[in-house]
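Take a look at the structure set out below.
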Amino acid sequence: MSCRQEKEGSISTSRAKRLGPPFIQSPQNVDSHDFEAIASTIHHLVKAIDPTCKLYSGTSEGRELVTCNNLYERATPILIECWTRKEGPFENAFLGLLLLLEHCLAFHLADLTCVSCFIQGLKDQIGDFLRDSYNNMAICDRVYNTAYCVVLMQQLTLYEVDCSTGILAIVFFKVPALKEVILTGCTRDGVPTWSSPTQRESEGALTDVRRDGSSAKTQKLLPEQEQEHLIAMSNAPPIKVKVEEGGEVQIQPGGGGLVTCCEPALRNNPNNVWLTCFRPSVPVVAPAGRGTAMPANHSDISHAMLVKNRVRDFCKHLYQLCIVPVPKQDYEKYYTGIANGLFWPAFHHLPEYIAQDYEDQVVLFDHWYAYMRVSFYFSVDALRKCNNVDFVWVHDYHLMLVAMIIRMYNPKIDTGFFLHIPFNPPKDFFVKYHPVATIILRALLSFRKLGFQTVRDAKRFIGYVQERLSGAVVVENTLTEKCVKTDDFLKFAYDQEIQATAATLRAQLMGDRRGKLFFSAERFDYTKGIRERLLALELYLDKYPERVEQDRFLQIAIINRTSVHSYKRYQEACMEIVRRIQRKFENEEKCPLIVITSGLPRKILVAHYMAMDVGVVTPLADGMNLVSKEMLTCNPNARIILSTGAGVESQLFEAGFYPEKGQRYYLRVEDVKNAEQFCNVLYTAAVEDQEEAGRQGRRLQEFIANNDIEKWRNDYLDPQWVDPCWECKNVATLDEFRNVAARIRILRKRMIGKLARGIGNRRRDWASIGNMLTSLLQSCPANALNKVAVQMSSSRVHLIDVSNEVVQLKTELKLSRMLPQADRNLHFNDLVHCLGKYTDLSKADFAEEVRKARMLVGRDVPFDLFVSSFYGTLTRRTSTAEMAQQPIHSTLAVTAFATQCTVHTVIISTEGLKRPGLLDDFLIDKKTIDFGGFMGQEWIFFSQHSETYSCLPFFQSAVQEQVNKVYKRICEVANAPENEIFSIIGGGIRLQVHCVAVPQQDCYGSIPMRDCNRWFSRVKETIAEIGDLPNHCEVQDDGTHISIRTKQAALERAFTKADGIAVYCEKMGINISEQRILMCGSSANDLPMLDYLLGRNAANVNVVWVVSNSRVRNAVEAMFEKYKSDRVALVSCPEVLLSALAEPLLADARTECLASRCDPENFK
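Below you can see the structure in the form of structure tokens.
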């Protein structure tokens, strides 16, 4: 019950009933709207806080009449002040606030007056209050099947839509379970938990391997991934439902432009969803919280369940058709009221048809709140159907608030909107109907994609945004205008039976007439210009009487929306004109005008298209008017008459079919209200040569076929449509190369984080990776394969080799098509083919190397210790630090293997850990992997709560200042045009705690030796210029880097990875001789570590070695011969190693491994 509907009465506190504890005794407290009870109870509690306070004035014989609104306005400030101070009877104050909240949620959902008293009074304390009261509501909802939590969130959401205060962010932070109520429909006791996506992440997380080698769950490469689905949303359903008196449910497929444009996209996946609602005449199952907090009333449950089941079964093999229950009182105010009484005429620029009721602010806001509630119902149902990577496609003016509401609860969900009517509100619309109109403008900006019928509608919207919303930015993009599915109509047009029907129809309609058959077909709507067309026709028959017995005018005007008063009045006025014309011009062959007010089956409609000579589509203001395109598709020989109010006319005009000078391909009515002008256009069509009309019509038909509904739909759903950063760009300068590399780095980090948590990635993320790859490839000269030509500041062009980067990017893109099945259906052979496709090895050689490597890896899984280097082993070496990031497939395989197949995992590198270093290039959460930098001189033990250790020889304080100067000076020298390339190759110029690292060659050796030598000399000169630094530091050159380190005369030998792994084992308490070990390496720096492990446990060390050159290969073979072991697989590239690591994580390979454990030779 609304406050405005209450019957006011006097309050007698002595005799009035007192309410019990709030929520706990519900629904006894709210079995009826007993105003005296709530007023008396609140009065008693307020008097206990402030005896001098009077909620109402007057004598004891007659008290002032008050309403609920007055009660809330007067009582809440007193109760809130006492509760927030936590002094005096603050528990009574809290009880009073709970009673008011219970009363508000039970009886005052029609507007926001009562809930506003809470929000505005509590301000920042609203979160604390709801946290303290949550359990009361949650227990009540579960015990009594009420929906207090849902309707509370409804009111808070509507308040946020209306006022944009940020109140929901406070509530979600303090009481996350209230957010969960909306996302899942479930309430919980005690400390609230987070929403379902987070729960899902933890439930889908990879399982740690146990110390005893077992695993709590089945091993898998990565958690189950969210799949991208399409969620369509519309007021109008794609089906027609009728419930017979006997209870039988009749369902037929729907029609119209909405079904044509949406349904083919949804049919691609049975998991796609279409959310829609039915008129109140169709019984549906309404959950609690739709219109009331009280338990749902299922008086017609049998019919409602029958409708639900029939609707579900009707489309279940194509997509999920889901009904959004909307209470009757809300539907009438939302659909019959504000949607069609205000927004429809306003957007068509027909203010004379706006319902006069909306001059009254009370009526306007009453209907506006109903519109908001229906948008909330749709949004809630969409949120419960969506995951983070779904796309929600909202259609038309009925649901313009949906994106704003969805973003409040889950901003990750992408939303798109298409307006199927014009957008041309009057200038005073945003002033006269403020703030409703301004909220609509803001709500439309909440959609990620926003589509309009025509370019002119989009420009109008942008103009209003710039005028009304300062600071808003809209990125405009061109999208093909909506069209028809030409193949469907051509199929009918070529059907011989329909052709015969068309000939019969023409003969019946025209009889002995030798003129033209004019045809129009549309809904009986004041936007369609039917009244103006009839008046022009009447003038035409008066002005050209010879045409009365020559021409025939057939008007199909389908009556609808008869419950809307403006429609009913308009339809009656038009039919009066029809009767006048028929009386005036009726002759032996009947009147030239025929009007039919019911719809035609599609085949019969197409037959009429084929029979006509002139198609007339002349709305006052309308959308695309697809009927005109249907006419030309089926009958290109016909002449088409269009008004400037038709969306299709705007499209054809923009395409050049109606130039100021030259040939014009259709007839145009500039002003449909000008009967004289309209009459002349009709006469032109009646007397013109039909062959000429056919030539021009066929040209229009070709244009329509090239821009049909399929192209429009694919363009709209294209993931690259909305983000200009995805565009491919030539990489011509060093800065542009850095930008591309940085973009790839950011994307990879974001994508791998989502994959690891099972969230999944959108198509646009993979499209970004593809476009970055294209940017690199198209910037390579024809004579320099995989070498990007970048221009330096000196105008010198340098070729940066990106061969390894290209291989890794191509592999990631191929893997993207397999990831959705990676948790359950990904086969090992498919993964091997993916990883090996872009390597230099043949398919057979790659498979053979994988077979050898997986024999070693799969034979002893799980391992006690997994030790590996990083660059060149788990990922390919790259020419620049910007590109040195671990690719997605490597991250997945290594992390999953480390988590599920080993007890300890160690990655040790010659590079540092940070600024930048190993931790920057290893993307995923490092909770189970320990990292060693500078060959193990610094450590971070993530498996031990991120403990750190370092034995690096730091620079002395006296030397540190000079080292800093050297670093700055070298950076300055590197900025010189001739030295720019040395600032990006390798790891870049880095200042570490114990050294300055300066690159002089990339991993491909592509820098000319003369440039390397010149650079080395320049670095040494720079060092010599800085004080006495040469006396304290030494310069080391390993061929690719120059290192400036403190002198360590006391050391007999350099620190190696063998020392590093010894440090690790000591810190972790690991005895190498007792471990099953898997080691992976690639460079000469890894040889000491290999020697250390083999020397202590050769029988239990399995090694997969990525061969970098023949010298290292010979050293590895000699070492295994020395220790008399054959547990080594020499492979050619990291992809072979990654395939072997992934093998235990895939179901088919795991089964094969168990079956072949006794005979490794069967591993083929």
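Here the sequence shown stands for residues 1 to 1164, where the numbers follow UniProt numbering.
Each residue gets a CB set at the ideal place from its N, CA and C atoms; glycine is no exception.
Keep in mind it's a predicted model, so treat the numbers as computed, not measured.
- Here ALA685 is buried. Its C-beta has 16 or more other C-beta atoms within 10 Å.
- In terms of Cα proximity to ALA39, the closest of SER32, VAL431, ALA75, SER1017 is ALA75.
- Setting aside the 5 residues that flank it on each side, ARG668 is surrounded in the same chain by ILE641, LEU642, SER643, THR644, GLU649, TYR658, VAL681, each with a C-beta closer than 8 Å to its C-beta; the list follows chain order.
- Using a 10 angstroms sphere on the CB of PRO287, the tally of other CB atoms stays under 16, which defines it as exposed.
- For HIS1041, same chain residues with a beta-carbon under 7 Å away, outside a window of 5 residues either side, are GLY986, ALA997, VAL998, PRO999, GLN1000 in chain order.
- The beta carbon of GLN329 sits closer than 8 Å to the beta carbons of GLY291, ALA370 from its chain, once the five residues preceding and following it are set aside; these are given in chain order.
- Bridge partners of ILE907 according to DSSP: SER868, PHE931.
- Taking C-alpha positions only, PHE365 is separated from GLU660 by approximately 47 Å.
- Three or more Cβ pairs drawn from the segment 392 to 409 and the segment 335 to 351 lie within less than 8 Å of each other, which places the two stretches in contact.
- CA-to-CA, the gap between ALA493 and LEU700 works out to about 16 Å.
- Under DSSP, ASN1102 shares a beta bridge with LEU1078.
- The alpha carbon of MET1009 has as its nearest neighbour, out of ILE989, LYS749, PRO887, PHE982, the alpha carbon of PHE982.
- For GLU702, the closest of LYS629, LEU100, PHE653 by C-alpha to C-alpha distance is LYS629.
- Secondary structure at LYS242: strand, using DSSP grouped into helix, strand and coil.
- Here DSSP, grouped into helix, strand and coil, assigns ILE413 to coil.
- The beta carbons of VAL894 and LEU1078 sit no closer together than 9 Å.
- In this structure the segment 619 to 634 lies against the segment 523 to 532, because at least three pairs of beta carbons, one per stretch, are closer than 8 Å.
- For MET305, the enclosing alpha helix (DSSP H) has its first and last residue at 301 to 315.
- For GLN252, no alpha helix (DSSP H) run applies; the uninterrupted beta strand (DSSP E) run containing it begins and ends at 249 to 253, by DSSP.
- In this structure the segment 868 to 884 touches the segment 792 to 805; the number of beta carbon pairs closer than 8 Å is three or more.
- Secondary structure in the segment 624 to 696: the alpha helix (DSSP H) runs of 4 residues or longer, each lying completely within the stretch, are 626 to 634, 647 to 654, 675 to 687 in chain order.
- In the three-state DSSP reduction, PRO295 falls in the coil class, being neither helix nor strand.
- Three or more Cβ pairs drawn from the segment 1129 to 1141 and the segment 838 to 845 lie within less than 8 Å of each other, which places the two stretches in contact.
- Looking only at ILE406, ILE139, LEU130, ASN69, the smallest Cα-Cα distance to SER116 is reached by ASN69.
- Between ARG1127 and ASN1102 a beta carbon distance of about 5 Å is seen, short of the 8 Å cut, so the two are scored as contacting.
- Under the three-pair Cβ rule at 8 Å, the segment 599 to 617 does not count as touching the segment 411 to 423.
- DSSP, read as helix, strand or coil, puts LYS449 in strand.
- MET935 and PHE828 do not touch by the CB rule: their CB atoms are close to 35 Å apart, not below 8 Å.
- Considering only TYR1123, SER957, GLN227, TYR433, the residue with the shortest C-alpha distance to ARG1096 is TYR1123.
- In the three-state scheme derived from DSSP, where H, G and I count as helix and E and B as strand, ALA288 is classed as coil.
- Counting only residues of its own chain and dropping the five nearest sequence neighbours on each side, PHE376 has a CB closer than 7 Å to the CB of GLN154, THR157, LEU158, ILE405.
- HIS889 counts as buried, since no fewer than 16 other beta carbons sit within 10 angstroms of its beta carbon.
- For ARG552, the uninterrupted beta strand (DSSP E) segment begins and ends at 552 to 558.
- Taking the CA atoms as reference points, CYS679 sits about 19 Å from ALA638.
- The beta carbon of ALA521 lies closer than 6 Å to those of ILE556, VAL627 in the same chain, with the five residues before and after it left out.
- When DSSP states are grouped into helix, strand and coil, CYS574 belongs to the helix group.
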